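Asker: If you're matching positions, the sequence shown starts at 2 in my numbering and goes up one per residue.
One structure follows; several queries about it will come next.
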Amino acid sequence: MPGNPFHLILGKNWLLILVSFFCIVTVFTVANFSSPIRPNHTVVQDVEHLVDTKKHHSILDILSNTDNIWQQLSQNRASLGMSDELHWFRFTLRNTESVQSRLLEVDNSLLDSINIWFVQDNKILAEYIAGDTLTFSQRTVEHENFLFPVPTTGQSLEVYITSHSEGAMRLPLNIWQQKDYLAFTSKSNLIEGMFFGLMLAMGLSNLLFFITTRTPTFLVYSGYVIFLALTLSALQGLGYRYIWPNSPWLQQHAVGIFANLTVWLSIIFCDLLLNVRAYSKRLSKILNVTGYTFLVSLIISLFIPLQVFIVVFLLMLSASGIFIFATSIWLWINGLAIARYYTLAWAVLFISGFTVSLDTLNILNFKLPSYYLLMLGAGIETLFLAFILAISHNQQRQALQEYQEELLNKERQVQHAQKDMLALQENATEELEYKVQERTLELEIALRELSDINRELQEKNTLDALTGIRNRSYFDKKYQAEVRRSRREHTQLSVVMMDIDHFKNVNDQYGHLVGDECIKSVARTLKKALKRPSDDVCRYGGEEFALILPSTDLEGALVLTESLRAQIENTNVQAEGVSINITISAGIGTAIAGLNQSEDILLALADKQLYAAKNAGRNNVQGSHLNDIQQQD
Numbered sequence: 002m003p004g005n006p007f008h009l010i011l012g013k014n015w016l017l018i019l020v021s022f023f024c025i026v027t028v029f030t031v032a033n034f035s036s037p038i039r040p041n042h043t044v045v046q047d048v049e050h051l052v053d054t055k056k057h058h059s060i061l062d063i064l065s066n067t068d069n070i071w072q073q074l075s076q077n078r079a080s081l082g083m084s085d086e087l088h089w090f091r092f093t094l095r096n097t098e099s100v101q102s103r104l105l106e107v108d109n110s111l112l113d114s115i116n117i118w119f120v121q122d123n124k125i126l127a128e129y130i131a132g133d134t135l136t137f138s139q140r141t142v143e144h145e146n147f148l149f150p151v152p153t154t155g156q157s158l159e160v161y162i163t164s165h166s167e168g169a170m171r172l173p174l175n176i177w178q179q180k181d182y183l184a185f186t187s188k189s190n191l192i193e194g195m196f197f198g199l200m201l202a203m204g205l206s207n208l209l210f211f212i213t214t215r216t217p218t219f220l221v222y223s224g225y226v227i228f229l230a231l232t233l234s235a236l237q238g239l240g241y242r243y244i245w246p247n248s249p250w251l252q253q254h255a256v257g258i259f260a261n262l263t264v265w266l267s268i269i270f271c272d273l274l275l276n277v278r279a280y281s282k283r284l285s286k287i288l289n290v291t292g293y294t295f296l297v298s299l300i301i302s303l304f305i306p307l308q309v310f311i312v313v314f315l316l317m318l319s320a321s322g323i324f325i326f327a328t329s330i331w332l333w334i335n336g337l338a339i340a341r342y343y344t345l346a347w348a349v350l351f352i353s354g355f356t357v358s359l360d361t362l363n364i365l366n367f368k369l370p371s372y373y374l375l376m377l378g379a380g381i382e383t384l385f386l387a388f389i390l391a392i393s394h395n396q397q398r399q400a401l402q403e404y405q406e407e408l409l410n411k412e413r414q415v416q417h418a419q420k421d422m423l424a425l426q427e428n429a430t431e432e433l434e435y436k437v438q439e440r441t442l443e444l445e446i447a448l449r450e451l452s453d454i455n456r457e458l459q460e461k462n463t464l465d466a467l468t469g470i471r472n473r474s475y476f477d478k479k480y481q482a483e484v485r486r487s488r489r490e491h492t493q494l495s496v497v498m499m500d501i502d503h504f505k506n507v508n509d510q511y512g513h514l515v516g517d518e519c520i521k522s523v524a525r526t527l528k529k530a531l532k533r534p535s536d537d538v539c540r541y542g543g544e545e546f547a548l549i550l551p552s553t554d555l556e557g558a559l560v561l562t563e564s565l566r567a568q569i570e571n572t573n574v575q576a577e578g579v580s581i582n583i584t585i586s587a588g589i590g591t592a593i594a595g596l597n598q599s600e601d602i603l604l605a606l607a608d609k610q611l612y613a614a615k616n617a618g619r620n621n622v623q624g625s626h627l628n629d630i631q632q633q634d
């Protein structure tokens, strides 16, 4: 939104003004520290140097052996590079009759061990032991740099120093009046306090931004700033003084740990801030893999010699820095506006870091201490990245607002369309409901008529056309249901099979019409005799009939069937001018259906008893219980 003050502050013109301001401050600061860097002190000159490759000389050996070949240390050789050898140094202090206390400063807080002897006439006046292998409280003077009181005598002193370090062997020696050093320290502490205060404020503020916005870029940037500050504090000895004074192990590995974490987070920050994945997934993957190599480097740094690690790390740092720098330029060329500011910010730290790397490798030598270069570069780069992150977050917020406004407009359009559609739908619904009600009523009437017809049809399908009693199809279903109920309720079930005696002779002698009348007469008699609703009479087929008598034992079935036989025998059938009498034979099967029995076993038993009745001369009833048959078998 153009009227937003925050947007105006973060505009390109304001950013260019800020860039120019910090460049002016940087130049002014470098000039201020360079002319001179440390006033009111004496730089030790005429230093002689001896390399003890076998590390077996003691101070007494050095004092007694005049054959040692000492070499004059060149004034421009502030660093001897990196080696695992033991180095001896000596120089002469004159004018020691001064009343004021003086201090010898070794301006390298990363030395592993340093021993100093003040000698006069081959006699040791004072001896001091220091280094990172000792806790901070064991130092002679509790200061981030190594400080040693100079004995006050009336004669010149010989100073012997032996030092060993796995890192760069740099031994800047300075003689201070104690009051001058206190004045310098107060100024230096002010500058360092401002720098680390800035870094802490940046780290904590971005951590709070992450907590409130849940944007991972703020968290990564916060971690990057914190670990960068820890790296610089380790290089300057401030971390050993204020944060981990009782851990020599951490002091020896702090630079490797924090520097690797710093570079790893800077690479992740680059990937997130510039949204590299949106432009090239392969480039984003390379960035992440490069970042993880520094995590591997962190682990390796705990086990390999420091001089090997420093060379490898500086080469990796230079390569990754160039790669990130090239990535930001490529994104700039591809139209990512924020990449141009990121390129400028990274260039500041890249130049300062590259300069320090050359100084550490003894390729270049600067009067300005390397950590001041890193502080200046890191401070400017941190502020730049903070502004860039603010710009990025502001752009994302504006993009989100525009997207939300677009969604809101679309939602309004959809709501209007829905209202119009709803109005049309309501009108259509009312008309449709009326038509549906009419159609539903018609369908209900048709369904009722169809249901009645279907019920009549089903009823007809179960009736025998000749006799009007139930047919064979109905019998099969009814029989199966009653057998299962007998099994379920454990009740008696009787089935009666009947057959008209000599029916074939009746047909042959009197004709089929008379035969049909005989069948109908038997059906009427059977149907009339059954009183219970559960009892059923069916025409089983031809001249055969079947009775289903639920909850009826064998004795009851015999009584009923015998009564039916007698009625039929005493009934005179009149048909086609002929009057005849007919008889029936009947077989009864009774049982309580068992779980493991076939459902047809009772029907087979009744049929078997029917044949027994016929064999017994016909016109009689035979019956049997299934249990009696099984006991006989």
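From the three backbone atoms N, C-alpha and C, an ideal C-beta is built for every residue, glycine too.
These numbers were taken from a predicted model, which means no experiment stands behind them.
Could you compute how far the alpha carbon of Leu464 sits from the alpha carbon of Gly578?
Answerer: Here residue 464 is taken as the residue at index 463 of the sequence shown, counted from 1. Here residue 578 is taken as the residue at index 577 of the sequence shown, counted from 1. So the alpha carbons of these two residues sit roughly 29 Å apart.
Asker: To the nearest angstrom, how far is it from the Cα of Arg171 to the Cα of Thr186?
Answerer: Translated into positions along the sequence shown, residue 171 becomes position 170. Translated into positions along the sequence shown, residue 186 becomes position 185. Computed Cα separation, rounded: 21 Å.
Asker: Is it a yes or a no for the segment 495-504 touching the segment 611-629, going by three-plus beta-carbon pairs under 8 Å?
Answerer: Segments in contact, yes.
Asker: Near Ser138, what residues of its chain come up, given a Cβ to Cβ distance below 7 Å and the 5 sequence neighbours on each side ignored?
Answerer: Translated into the one-based positions of the sequence shown, residue 138 becomes position 137. Excluding sequence neighbours, Ser138 sits near Pro246.
Asker: If you follow the beta strand (DSSP E) that His88 is in, where does it begin and where does it stop?
Answerer: Walking along the sequence shown from the start, residue 88 turns up at place 87. Residues Leu87 to Leu94.
Asker: Would you mind reading off the limits of the beta strand (DSSP E) that contains Phe546?
Answerer: On the sequence shown, position 545 is the one that residue 546 refers to. Unbroken beta strand (DSSP E) run through Phe546: Glu545 to Pro551.
Asker: Ignore the nearest five residues each way along the sequence and tell me which others in Thr263's own chain have a CB closer than 7 Å to its CB.
Answerer: Counted from its first residue, the sequence shown places residue 263 at position 262. Excluding residues within five positions, the ones whose Cβ falls inside 7 Å are Tyr225, Phe228, Leu229 and Thr232.
Asker: In whole angstroms, what separates the C-alpha of Glu148 from that of Leu220?
Answerer: Position 147 of the sequence shown, counted from the start, is the residue given in the question as residue 148. Position 219 of the sequence shown, counted from the start, is the residue given in the question as residue 220. Looking at the sequence shown, residue 148 is not Glu but Leu. Distance between the alpha carbons of Leu148 and Leu220: 39 Å.
Asker: For Asn261 versus Ser298, is the C-beta distance shorter than 7 Å?
Answerer: In the sequence shown, counting from the first residue as 1, residue 261 sits at position 260. In the sequence shown, counting from the first residue as 1, residue 298 sits at position 297. Taking 7 Å as the Cβ cut-off, Asn261 and Ser298 qualify as a contacting pair.
Asker: Please say whether Ile470 and Arg540 have beta carbons closer to each other than 7 Å?
Answerer: For the purposes of this step, residue 540 is taken as residue 539 along the sequence shown, with counting starting at 1. For the purposes of this step, residue 470 is taken as residue 469 along the sequence shown, with counting starting at 1. In this structure, Ile470 lies closer than 7 Å to Arg540 by Cβ.
Asker: Does the Cβ-Cβ distance between Met83 and Gln237 come in under 7 Å?
Answerer: For this step, residue 83 is matched to residue 82 along the sequence shown. For this step, residue 237 is matched to residue 236 along the sequence shown. No, they are not a contact pair.
Asker: According to DSSP, which residues form a beta bridge with Glu460?
Answerer: Counted from its first residue, the sequence shown places residue 460 at position 459. DSSP output for Glu460 lists no bridge partner at all.
Asker: In terms of residue numbering, what span does the alpha helix (DSSP H) encompassing His50 cover?
Answerer: Looking up residue 50 in the sequence shown gives position 49. Looking at the DSSP string, His50 is not in any alpha helix (DSSP H); the run it does join, the beta strand (DSSP E), is Glu49 to Asp53.
Asker: Run through DSSP, which three-state label would Pro150 get?
Answerer: To locate residue 150, count along the sequence shown from 1; it is residue 149. Of the three classes helix, strand and coil, the one that applies to Pro150 here is strand, per DSSP.
Asker: For Trp118, which option in Asn109, Glu143 and Leu64 has the closest C-alpha, if you only look at C-alpha atoms?
Answerer: The count along the sequence shown starts at 1 and reaches residue 118 at position 117. Selected option, being the one with the closest Cα: Leu64.
Asker: Tell me whether Thr153 is buried or exposed, calling it buried when 16 or more other Cβ atoms sit within 10 Å of its Cβ.
Answerer: Residue 153 sits at position 152 when you count from the first residue of the sequence shown. By the 10 Å Cβ count, Thr153 comes out exposed.
Asker: Between the C-alpha atoms of Thr213 and Ser166, what's the straight-line distance to the nearest angstrom?
Answerer: Counting from 1 along the sequence shown, the entry for residue 213 is found at position 212. Counting from 1 along the sequence shown, the entry for residue 166 is found at position 165. Their backbone Cα atoms lie some 46 Å apart in a straight line.
Asker: Using the Cα positions of Thr553 and Ser452, report the straight-line distance between them to the nearest angstrom.
Answerer: Numbered from its first residue, the sequence shown carries residue 553 at position 552. Numbered from its first residue, the sequence shown carries residue 452 at position 451. Answer to the nearest angstrom: the Cα atoms are 35 Å apart.
Asker: What is the DSSP secondary structure of Asn428, reduced to helix, strand or coil?
Answerer: Here residue 428 refers to the residue found at position 427 when the sequence shown is read from its first residue. Note: Asn428 maps to helix in three-state DSSP.
Asker: Quick one: what does DSSP say Ser590 is sitting in, helix, strand or coil?
Answerer: The residue you call residue 590 lines up with position 589 of the sequence shown. Here residue 590 turns out to be Gly, not Ser, going by the sequence shown. Gly590: strand per DSSP, three-state reduction.
Asker: Can you give me the Cβ contacts of Ser267 inside the same chain, cut-off strictly under 6 Å, excluding the 5 residues immediately before and after it?
Answerer: If you number the sequence shown from 1, residue 267 lands on position 266. The answer, listed in chain order, is Tyr225.
Asker: Going by Cα to Cα distance, which pick from Gly588, Leu199 and Ala614 is closest to Leu603?
Answerer: One-based indexing of the sequence shown puts residue 603 at position 602. Of Gly588, Leu199 and Ala614, the residue nearest in Cα terms is Gly588.
Asker: Kindly give me the distance between the Cβ atoms of Leu635 and Ala530, rounded to whole angstroms, as I take these residues to be in contact under 8 Å.
Answerer: Nothing can be reported for residue 635, as the shown portion of the chain is limited to 2 through 634.
Asker: Is it buried or exposed, Phe310, if we count other Cβ atoms within 10 angstroms and call 16 or more buried?
Answerer: Working through the sequence shown from its first residue, we reach residue 310 at position 309. Buried: at least 16 other Cβ atoms inside 10 Å.
Asker: To the nearest angstrom, how far is the alpha carbon of Ser75 from that of Leu201?
Answerer: If you number the sequence shown from 1, residue 75 lands on position 74. If you number the sequence shown from 1, residue 201 lands on position 200. Using only the alpha carbons, I get a separation of about 40 Å.
Asker: Per DSSP, Ile125 forms a beta bridge with which residues?
Answerer: Along the sequence shown, read from residue 1 onward, the residue named residue 125 stands at position 124. Answer is Val120.
Asker: Over what stretch of residues does the beta strand (DSSP E) that includes Gly275 continue unbroken?
Answerer: Within the sequence shown, the letter at position 274 stands for residue 275. According to the sequence provided, residue 275 is Leu. The question's Gly does not apply to it. Element bounds for Leu275: n/a, residue is neither H nor E.
Asker: Reducing DSSP to helix, strand and coil, say where Phe34 ends up.
Answerer: The count along the sequence shown starts at 1 and reaches residue 34 at position 33. Residue confidence is low: Phe34 scores 47 on pLDDT, short of 50, so the model does not pin down where it sits. Its coordinate-derived value is still stated next. Helix, per DSSP.
Asker: Is the separation between the beta-carbon of Leu548 and that of Val538 shorter than 7 Å?
Answerer: On the sequence shown, position 547 is the one that residue 548 refers to. On the sequence shown, position 537 is the one that residue 538 refers to. Yes.
Asker: In its own chain, which residues sit with a C-beta less than 7 Å from the C-beta of Thr291, not counting the 5 before and 5 after it?
Answerer: Taking the sequence shown and counting its residues from 1, one reaches residue 291 at position 290. Result list for Thr291: Ile268, Ser321 and Phe324, in chain order.
Asker: Within the continuous beta strand (DSSP E) that includes Trp639, where are the two ends?
Answerer: Since the first residue of the chain shown is 2 and the last is 634, residue 639 is not available in this structure.
Asker: Grouping DSSP H, G and I as helix and E and B as strand, with all else coil, what is Arg533?
Answerer: By one-based count along the sequence shown, residue 533 stands at place 532. Residue state, collapsed to three classes: coil.
Asker: Excluding the five sequence neighbours on either side, which residues of its own chain have a C-beta within less than 6 Å of the C-beta of Arg95, listed in chain order?
Answerer: Position 94 of the sequence shown, counting from 1, holds the residue named residue 95. Here the set comprises Ser157.
Asker: So for Glu600, helix, strand or coil by DSSP?
Answerer: In the sequence shown, the residue the question calls residue 600 occupies position 599. In the structure shown, Glu600 sits in coil (DSSP, three-state: anything other than H, G, I, E or B).
Asker: Quick one, are the C-beta atoms of Ser234 and Gly240 less than 7 Å apart?
Answerer: On the sequence shown, position 233 is the one that residue 234 refers to. On the sequence shown, position 239 is the one that residue 240 refers to. Result yes, Cβ atoms of Ser234 and Gly240 sit closer than 7 Å.
Asker: Mind checking which residues open and close the alpha helix (DSSP H) that includes Leu61?
Answerer: Counting from 1 along the sequence shown, the entry for residue 61 is found at position 60. Here the alpha helix (DSSP H) through Leu61 covers Ile60 to Ser65.
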